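Notes follow the structure.
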Amino acid sequence: MSTPSVANNAYQMAANLARKTASPEDTMPSTTGVDFGQMVQQAVESVVDKGRGMDDKSIGLVEGRTDVVDVVTAVAETEVALETMVSVRDRVISAYEEIMRMPI
């Protein structure tokens, strides 16, 4: 997997997330969807899994089982996933701070 495809995957995930948050049915309370805690947990588990995959490929490189290109790709994918997670965290904190500044 090359770097452009990693960027394309990240862009598609961000576009899907934006579409989900912009849909009108999300403005109404829903009892049938995945709750926010589960969504965050799945996202964190995904980032952790990518990190473990990167570790496995790095160890494989040291042992001679993995190609350098695979390791670099795994590192890039993990970096994109982690940056996305940090960006989402920053947006959630910003939204929380904005809500806390609202007058009652």
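Residue numbers (this note's numbering): 1 to 104. All residues carry an ideal CB built from backbone N, CA and C; glycine is no exception. Nothing here was measured: the structure is a model prediction, and the numbers come from that model.
Please report the straight-line C-alpha distance between residue i and residue j, rounded to a whole angstrom.
{"i": "G72", "j": "V47", "result": "It is worth fixing the name first, because residue 72 is Val in this sequence and not Gly. So the alpha carbons of these two residues sit roughly 16 Å apart."}
{"i": "A74", "j": "D55", "result": "9 Å"}
{"i": "V80", "j": "A43", "result": "13 Å"}
{"i": "G109", "j": "M102", "result": "There is simply no residue 109 to check, as the chain begins at 1 and stops at 104 in what is shown."}
{"i": "R52", "j": "E97", "result": "33 Å"}
{"i": "V69", "j": "E83", "result": "21 Å"}
Would residue i be called buried (16 or more neighbouring beta carbons within 10 Å of its own) or exposed?
{"i": "V62", "result": "exposed"}
{"i": "A95", "result": "exposed"}
Excluding sequence positions up to five away, which residues of its chain have a Cβ less than 6 Å from the Cβ of residue i?
{"i": "T66", "result": "K57, G60"}
Could you name the residues of the same chain whose beta carbon sits closer than 7 Å to that of residue i, not counting the 5 residues immediately before and after it, in chain order?
{"i": "K50", "result": "E77, T78, A81"}
Using alpha carbons as the reference points, say which of the options lies closest to residue i.
{"i": "M39", "options": "E98, D90, M85", "result": "M85"}
{"i": "Q41", "options": "I99, M100, D70, V88", "result": "V88"}
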